[in-house]
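Numbered per the working numbering, the sequence shown spans residues 3 to 150.
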Amino acid sequence: MAQIVLSLVPLSGEIVKLLIRQTPDVPDFEVIAGYEMSVDEIKINLSRADIVLGDYTFKHKITADIVAEAKSLKFIQQPSVGYQHIDVEACTARRIKVANTAGANAVSVAEHAIAWGLCLIKNMFYVHTSTRSGADLQRRSRCSAGNP
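Written as structure tokens, this is what we have:
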């Protein structure tokens with residue numbers, strides 16, 4: 003019997019299937035695309051889901067009353083670091099495992115911090131706005147350095 007995945011991400015069910023199939027040895031599964039569903043529709047579909055792929059846009063909250071409708075739910079995978087919209091206590095009480103992608107963006111956050119720091123040191127915001135307004139920064143910088 004195929005496992006049922008309720009996907010709350012803003013992607014079509016076919017895209018989610020394609021992404022899941024990238025993992026080897028995945029058992030047979032069916033994807034229900036739930037991003038556009040109402041809370042009541044989510045509750046109905048959650049009652050038959052084995053796995054939930056959480057909503058990284060935080061549009062859909064997984065609250066205790068929604069979790070109460072989960073008859074066969076075993077696992078919620080949150081595809082982002084944040085999971086504040088999932089009632090983890092309610093899931094734990096019903097023995098539903100919850101996972102997120104902690105640390106997945108640590109390298110990119112560090113890279114952005116360094117890049118923004120370099121922008122500040124090199125005064126890139128001033129250079130960008132001056133260049134867009136048509137200022138001749140090349141001539142000005144040579145003159146200010148004492149060159150003719």
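Beta carbons are placed, not taken as given, at the ideal position from N, Cα and C, and that holds for glycine.
Put simply, of 45, 41, 27 and 16 the residue whose alpha carbon is nearest the alpha carbon of residue 35 is 16. With at least 16 other beta carbons inside 10 angstroms of its own, residue 85 counts as buried. A straight line joining the alpha-carbon of residue 42 with that of residue 135 spans about 53 Å. Taking 8 Å as the upper bound for CB-CB distance, residue 75 and residue 90 are not in contact here, some 14 Å apart. Under DSSP, residue 9 shares a beta bridge with 35 and 55. Its Cα nearest to that of residue 73, the residue 49 stands out among 7, 110 and 49.
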